[in-house]
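In my numbering, the protein residues as written are 3 to 389.
Quick reminder that beta carbons are idealized off the backbone N, C-alpha and C, glycines included.
For clarity, every value in this text was computed on a predicted model and none was experimentally measured.
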Ligand SMILES: *Cc1c(COP(=O)(O)O)cnc(C)c1O
């Protein structure tokens, strides 16, 4: 089976990890702050806080923004469940904004309409989490302008999008948001095995997320409530935090992988170009890249042109049967039984449902071989009745 995504681990990566294993620090050593500096510098953000997953980083981001019970967080239903769960960890409720029919990202038009209705009803979101689906940024200028008008904060879920750009700036610069989160799970653009990172330009948010990462514990006398520490061993838990630390083993892998980030994004874009060309004459919708964006192309999503659940499923099954490891990113999250239990049944959002009835993710990763790419193209064309 040709997988839909796969990591690349080089000899240089292995040597970098080995060096940490032979060093004094497996965790809480120098590699984590080094990795944070590399990513922050690359994307042009003031602060980076590495964590053990993007899920942890999303949770810490919500908590740092003060999301709590009684609050509302809005996001796109076409995402991984973690984007919504982070709000629920804080006791908040989640609600859904429909997607744009071209980019499949959270639609600023749907967002504005929903905000106007919500403003009249008196219950606006505290935080909106746009998701940069498949590696392409959402329309952040418009979402940011709505944030200023309606008073919500913004967390970008850029789990797919490190290495991408929007309006001439790297995704992660937080030009139009409070916090941006990256994932380093092995199927994503670069990997640390498991891992994530929160980027921000706000000193107080960075400090708050760093505190939440280490149990809410500080050793800095300036930040303690007591002005009379018991002794040099003294530390204080000043808030309820978590153990969300990334290890130095993971960070060393991340630093080594970062050296190939730009190359990876180029290779992913080259594969997307090849697919675009090969499917040009088929009744399929290939990804639309917005003029303001360079996509990191975490995913290459095709859509059958008339949403039809039976045809969609049959194509998916035939591709799997032919050894093409296709996937569907994602099931609208409001359909998940645990969300139905918590939030009640959802009537469905029209664009999200149409997407779910037509989307298929094809294999997309930098080390996809020439032969495997040709095989994916051959099978897709055959199944669409060409050749
Ligand atoms: C992968 C992913 C996450 C979670 O990332 P982890 O690092 O596995 O916790 C969150 N949101 C989206 C959109 C993702 O694709």
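query: Euclidean distance between Cα positions of residue 160 and residue 13; result: 28 Å
query: Residue 186 versus residue 271: straight-line alpha-carbon distance, rounded; result: 19 Å
query: Close Cβ partners of residue 269 (< 7 Å) along its chain, the five nearest in sequence each way excluded; result: 368
query: Validate contact between the segment 326-337 and the segment 240-251 using beta carbons, cut 8 Å, 3 pairs; result: no
query: Close-in-space but distant-in-sequence residues of the same chain around residue 284 (CB under 8 Å, 5 per side omitted); result: 382, 383, 386 and 388
query: Distance, residue 106 Cα to residue 118 Cα; result: 22 Å
query: Check: residue 198 C-beta below 7 Å from any heavy atom of ligand 1; result: yes
query: Whether residue 345 touches residue 114 by CB criterion (8 Å); result: no
query: Range of the contiguous alpha helix (DSSP H) that encloses residue 123; result: 110-123
query: Residues bridged to residue 49 (per DSSP); result: 202
query: Span separating the alpha-carbon of residue 101 from that of residue 112; result: 8 Å
query: The segment 218-229 in contact with the segment 38-53 per 3-pair CB rule at 8 Å; result: no
query: Residue 212 versus residue 64 - alpha carbon distance; result: 13 Å
query: Closer than 7 Å: residue 190 CB and nearest ligand 1 heavy atom; result: yes
query: Through-space distance from residue 31 to residue 136, alpha-carbon basis; result: 33 Å
query: Buried versus exposed, by CB contacts within 10 Å (16 or more), residue 370; result: buried
query: Cβ of residue 100 within 8 Å of any chain B Cβ; result: Reference to chain B is not applicable here, since this structure consists of a single protein chain.
query: Close Cβ partners of residue 221 (< 7 Å) along its chain, the five nearest in sequence each way excluded; result: 237
query: heavy atom of ligand 1 below 7 Å from residue 161 C-beta; result: yes
query: Close Cβ partners of residue 356 (< 6 Å) along its chain, the five nearest in sequence each way excluded; result: 309
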